[in-house]
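Protein chains in written order, with the numbering used here: chain H, 1 to 479; chain D, 1001 to 1479. To start, the structure itself, in structure tokens.
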């Protein structure tokens, strides 16, 4: 039996999910609570995941959509917020202001909770003609929203990191098309990079972004029975253009209001990845976002120590493109090391002991399912990429299976309420009225997640209020 | 004669440098003033330069120094600032606080003007043993300092972007060594990537970082006769460790205070690049940081239009790795386009007209010196990298020549004052006393820039006060 690391998890995923999640984040050194209430520290192992997301997504948006990165101020004048009424109403409760003494007798400045208003103020100066369109700008930055509920690492904190894209188009059609394109790019990112299957759909009026015409969303479903919004793309219509006086001279030489969208994803995604894939031994990471893809643990006995160490160093050098950790510490047992690197989510473990060396091979252990494989040392470089792909794919398939088994249908309120109680995400027929949605939330704690984009034409009645159903929809409890 | 673009510069570099600089930044679309007083917008063309700096530097610090990126909170509790007395004194005047109502009855929160204190609070929890050292963490983030002087794009604004590295070591020797290593990496970045020669040296007691044992700096010298600090690396000694209770158990099993450094460079560097290389036609960028390295301007006449356009498209595709702009607009003359892309700093212009096509060649014009070269179309792909290297090198050499001709020696106060008046950077013998330094500043407007690292042993007297000289030093007016 392996000796457990003293640093191991004390809570179990299936028993106390919240405590388990926090332990995984802390003990795998992805993140930590800060001394400043409501905020968190993203440690190097966690920040590496954010950088992997940035690298992947920057490439996608530049190559596929000709979007460019830029940077706008952290501060937003109060009057800007007030220009779009719905937007102001939606964000004012959670805005952090800077000390009014700094700006008096001028107006107050907010710390950005989102940047539509400060960016569109610039757009009104930059856009003159149809030749300036489409305009596509993205920003990677920090965001502040003065949450009052307890901090949950990556999932809820007063400051987080995100990207926000802000595009302007001549026509509604282009705007519709690209609002969809960006949510589809998010879906691709989640599935390809993070091994995270998501549902894609439209938010209800109640749940849409403050100031948007409509909001598209991707939703993942977590093992504890809660949905997690992983990214949104908002068609803003012409409301902000009107409020910020963004006009362009069309090909017809007349002035027009353009159409706009905005879209964002945040460090919250890191929380989704951790929660979906990890287990009771600790962090499990899709290989594509793991900084160190391999840990090499030499099994040392007095007689063969030198030889084994030399071989381990050789292998480590040979596999350098996978950024391996060579754990040659002598004050810890192999079992202790196994636990430590399982806790920290290294995708592949290479064990090399005297018996392995005799056979010119090593033992490889896959983090996701503990599968053990013997591989000839000479074949390592060729076979490791396949093993990493295999893990990436197994994680995705297993998460997909979980999502599919969790999504059930409900024909009436009873079935619905039972499903929610049993931690399911429920597809059902819905009247699509806010009052009914409020009532459902109150009685079951579930909120609408999204109206599937490929929703079938619906007949029949709303499962809750009995009025004619207008749409299919997903409901679940959520983060 | 070429027709000048209406968008061209109105001020001249040598006549009204400040206005010229602002026009270059604005009209080349690198940056813009924001509606929020004291802040700026970094537009895509400018942000690309920052990304180039990030990519270059991330690679350097990860590969050469095993530093890792992380992210710490934007907010810093007031009590943290007060822990290191000199640090608190240095930064308090320019700190922006958030609205005290948000945190009452708790203590005030500052928006980070630098992150030593919030980061070292974490370090005190993370560091236990010599095995945890050296610890090297870097952060890319926004910084707020409540400047009261007028905004100068990239050079002075209430918010800017930077990186700050924070390392912890067992010994003073290691700390000294790496404090130097980081300033040398900055020098390398400036010279290799930005074609910006710099002086490297030590700050005086008066000019060092608040809370540091000593500060190393790189200083560039601008064509308007002012020095510009481009990056600093501070040996913090053990003062912060003491204030934040960072201790480690040494190999001797006793508790010790570690040694620390911090080092930073900011978007201000972009300002240095613009000011150094640009001219009266507009922006000049070192090719390595230019997003579009080439603009292709087809010279269109009715008869040959189709043929020329087709060839221009072919060339554009062939040179795609240089991210070329193909300017095939028909509502502007070639001359107008030449001016526009000169203004925007595209390093190489390819002109292709009927006569070029007959000879199966194109005309290439170098942005930095207007040199014209005929190149066979079939040779383009091979020769363009050489041309880009040539420009990069010419810019560096020309800036280096300027720096060398600007650095003069002064033996007495008269020579010194004349030199400063004549916009030179002056190397001189100095007593190294703060009172004398204050006096020089008051009388001439010049501040000490740095004590050269390779400073010779000095005899003789201080040029200003006549006391025994202790060191060589550079003085200049500065940004």
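For every residue, glycine included, the Cβ atom is placed at its ideal position computed from N, Cα and C.
In whole angstroms, what separates the C-alpha of residue 1416 of chain D from that of residue 1443 of chain D? 11 Å
Cα-Cα separation, residue 73 of chain H to residue 119 of chain H: 9 Å
If contact means a Cβ-Cβ distance below 7 Å, which residues of the region 183-207 of chain H contact chain D? none
If you measure beta-carbon to beta-carbon, which residues of the region 1081-1106 of chain D are closer than 9 Å to chain H? 1096, 1097, 1098, 1099, 1100, 1101, 1102, 1103, 1106
When the cut-off is 8 Å and only beta carbons count, does residue 1316 of chain D lie next to chain H? no
Does the distance from the C-beta atom of residue 331 of chain H to that of residue 296 of chain H stay below 8 Å? no
Between the Cα of residue 38 of chain H and the Cα atoms of H:279, H:124, H:160, H:53, which residue gives the shortest distance? H:160
Output the distance between the C-alpha atoms of residue 97 of chain H and residue 78 of chain H, rounded to the nearest integer angstrom. 9 Å
Rounded separation between residue 1189 of chain D and residue 1064 of chain D - CA only: 13 Å
When you compare only the Cα positions, how much space is there between residue 1272 of chain D and residue 1266 of chain D? 11 Å
Cutoff 7 Å; reference residue 1066 of chain D; Cβ partners in own chain excluding five residues on either side: 1136
Closer than 7 Å at the beta carbon, the chain H residues around residue 1035 of chain D: 77, 121
8 Å contact criterion, which residue 201 of chain H and residue 231 of chain H should meet: CB distance rounded: Not a contact, Cβ separation roughly 12 Å.
Using only the alpha-carbon positions, how far apart do residue 1481 of chain D and residue 1418 of chain D sit? No statement about residue 1481 of chain D is possible, as the shown extent of chain D runs from 1001 to 1479 and does not include it.
Tell me the rounded alpha-carbon separation between residue 32 of chain H and residue 1223 of chain D. 47 Å
Find out if the Cβ-Cβ distance for the pair residue 1010 of chain D, residue 1022 of chain D is shorter than 8 Å. no
Can the beta-carbon of residue 469 of chain H be found closer than 8 Å to that of residue 460 of chain H? yes
Compute the Euclidean distance between the alpha carbons of residue 1205 of chain D and residue 1015 of chain D, then round it to the nearest angstrom. 35 Å
Contact between the region 341-354 of chain H and the region 276-292 of chain H: three or more CB pairs below 8 Å? yes
Looking at residue 1211 of chain D and residue 1194 of chain D, is the spacing between their C-beta atoms short of 8 Å? no
For residue 1295 of chain D, go through chain H and note every residue whose CB falls closer than 8 Å to its CB, in chain order. Within chain H, no residue comes near residue 1295 of chain D; the closest Cβ sits about 17 Å away, beyond 8 Å.
Does the CB of residue 144 of chain H have a neighbour CB from chain D at under 8 Å? yes
Using the Cα positions of residue 94 of chain H and residue 466 of chain H, report the straight-line distance between them to the nearest angstrom. 36 Å
For residue 1071 of chain D and chain H, any beta-carbon pair shorter than 8 Å? yes
Residue 1158 of chain D and residue 1149 of chain D: beta carbons closer than 8 Å? no
Runs of 3 residues minimum, wholly inside the region 1382-1424 of chain D: which ones carry the beta strand (DSSP E) assignment? 1407-1409
Judging by CA-CA distance, which residue of D:1318, D:1052, D:1034, D:1107 is the nearest neighbour of residue 1152 of chain D? D:1034
Counting only beta-carbon separations shorter than 8 Å, does residue 47 of chain H have a partner in chain D? yes
What are the complete alpha helix (DSSP H) segments, minimum 4 residues, inside the region 316-382 of chain H? 334-343, 354-358
At the 8 Å Cβ level, is residue 1246 of chain D part of the contact set with chain H, yes or no? no
Helix, strand or coil: which one does DSSP assign to residue 1477 of chain D? strand
Candidates H:358, H:359, H:360, H:391: which alpha carbon is nearest residue 349 of chain H's? H:391
Residue 21 of chain H: first and last residue of the uninterrupted beta strand (DSSP E) it sits in: Segment 17-27 is the alpha helix (DSSP H) holding residue 21 of chain H; no beta strand (DSSP E) there.
Which residue's Cα is closest to the Cα of residue 28 of chain H: H:36, H:107, H:44? H:44
Taking the alpha-carbon of residue 168 of chain H as reference, which of H:156, H:209, H:199, H:123 has the nearest alpha-carbon? H:123
Cutoff 8 Å; reference residue 1309 of chain D; Cβ partners in own chain excluding five residues on either side: 1298, 1300, 1328
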